[in-house]
Structure formats: structure tokens, C-alpha cells
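Asks: Take this structure, written in C-alpha cells, and hold onto it; I'll ask about it next.
Residue numbers (the numbering used here): 8 to 125.
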């Protein structure tokens with residue numbers, strides 16, 4: 008009788024192995040479901056990005072307002088009759104004044120004093 012119980016127990020373990028650890032096991036199904044959730048979230052982000060890009064393309068095709076806005080903010084362009092005003096933060100360091108000779112200062116380069124004439 009004891010041998011019969013051990014055989015039945017061994018058969019039960021053999022039947023359960025594919026269910027938990029085999030090719031189509033519950034563990035594999037849970038892992039694939041987790042990957043599916045992550046992929047769906049990534050797809051939603053990409054769909055949102057595509058909608059924004061489609062709107063931008065539509066704006067660029069339909070009028071000059073979007074082109075002008077891009078030229079102003081990305082390229083720093085302005086119309087001939089406009090005046091450029093730059094507002095800086097109160098806590099930011101003020102830029103160094105330009106030298107009197109009219110040449111712009113080169114950042115990061117120090118000039119050496121001229122040697123004294125003898």
C-alpha cells in the first residue's frame with residue numbers, strides 16, 4: 008500500500024510539472040502578461056507622441072504661423088522692424104561688458120600682458 012501511495016504521488020508531481028514549470032506554464036503566462044502590460048504602456052506613449060507630431064505637421068502645412076514661431080524660438084530670428092529685448096533672472100550673473108576696442112571677448116581665453124619695453 009505504501010508503494011502504491013508513492014507511485015501516485017510521483018505521478019501527481021509529474022502531471023503538475025508542466026503546469027507550473029513547463030513550456031506553457033503558469034509562470035510563463037504571468038511573465039508574458041507582465042510584458043504585455045509594459046508594452047501597452049509604451050504603445051500609449053508612442054501614440055500620444057504621434058498625435059502631437061501629426062498636429063505639428065498639420066500646422067506647418069496649413070499656415071505660416073507655425074513656421075514663424077519655429078524660426079523665432081529655435082533659430083532666434085526676428086523681423087526687421089522688431090526690437091530684441093532680453094530679460095534675465097535677477098539672481099543670474101550679469102554678462103561681462105565688451106572691451107572698448109569693439110572686439111567681442113572670447114570666453115575661456117585669458118590674454119597675457121604685453122612685455123615691458125626696455
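We put the beta carbon where it would ideally sit given N, CA and C, even for glycine. Quick caveat, the model's predicted, so the values are computed rather than measured.
If you reduce the DSSP assignment to three classes, tell me which class residue 125 lands in.
Replies: As a working mapping, residue 125 is identified with position 118 in the chain shown. In this prediction, residue 125 scores a pLDDT of 47, lower than 50, which makes its location untrustworthy; the coordinate-derived value is nonetheless stated afterwards. In this structure, residue 125 counts as coil in the three-state DSSP scheme.
Asks: How big is the Cα-Cα spacing for residue 130 and residue 35?
Replies: The requested residue 130 does not occur in the structure, where the chain is confined to residues 8 to 125.
Asks: Starting from residue 59 and walking both ways along the alpha helix (DSSP H), at which residues does that stretch end?
Replies: As a first step, residue 59 is located in the chain shown; it is residue number 52 there, counting from the start. Where residue 59 is concerned, the enclosing alpha helix (DSSP H) stretches over 33-69.
Asks: Would residue 67 and residue 73 qualify as a contact pair, given that the criterion is a beta-carbon distance under 7 Å?
Replies: By one-based count along the chain shown, residue 67 stands at place 60. By one-based count along the chain shown, residue 73 stands at place 66. Cβ distance < 7 Å, so residue 67 and residue 73 count as in contact.
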